[in-house]
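The structure appears right after this line, and notes come after that.
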Amino acid sequence: MPARAKKPTSVTLGPPGDKETPEFQALLKAKVKAALDNPRPPIPAAEAFARLDEYIAAYKLSRTNEPA
27 MPARAKKPTS VTLGPPGDKE TPEFQALLKA KVKAALDNPR PPIPAAEAFA
77 RLDEYIAAYK LSRTNEPA
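Have a look at this one:
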């Protein structure tokens with residue numbers, strides 16, 4: 027069997043970053059609490075994705091109409 031043309035690449039990442047600090051954990055907890063305490067009514071997932079689709083379509087249209 028012939029040798030592979032491309033060999034797999036491996037990357038060694040350093041130790042975990044600031045994700046493990048107590049400050050970062052507190053920030054995440056505060057953001058989650060703020061989201062859960064938000065008084066606005068939830069919207070159905072289908073409506074949320076429809077809004078995203080409209081936003082993406084408008085963005086793509088604006089990018090195609092830009093002068094080069």
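Heads up, the sequence shown stops at 94 in this note's numbering, and the numbers go up one at a time, no gaps. Quick reminder that beta carbons are idealized off the backbone N, C-alpha and C, glycines included.
Under the DSSP assignment, LEU54 falls in the alpha helix (DSSP H) whose first and last residues are 48-62.
The three-state secondary structure of THR90, taken from DSSP, is helix. If you draw a straight line from the Cα of ARG66 to the Cα of VAL37, it comes to about 44 angstroms.
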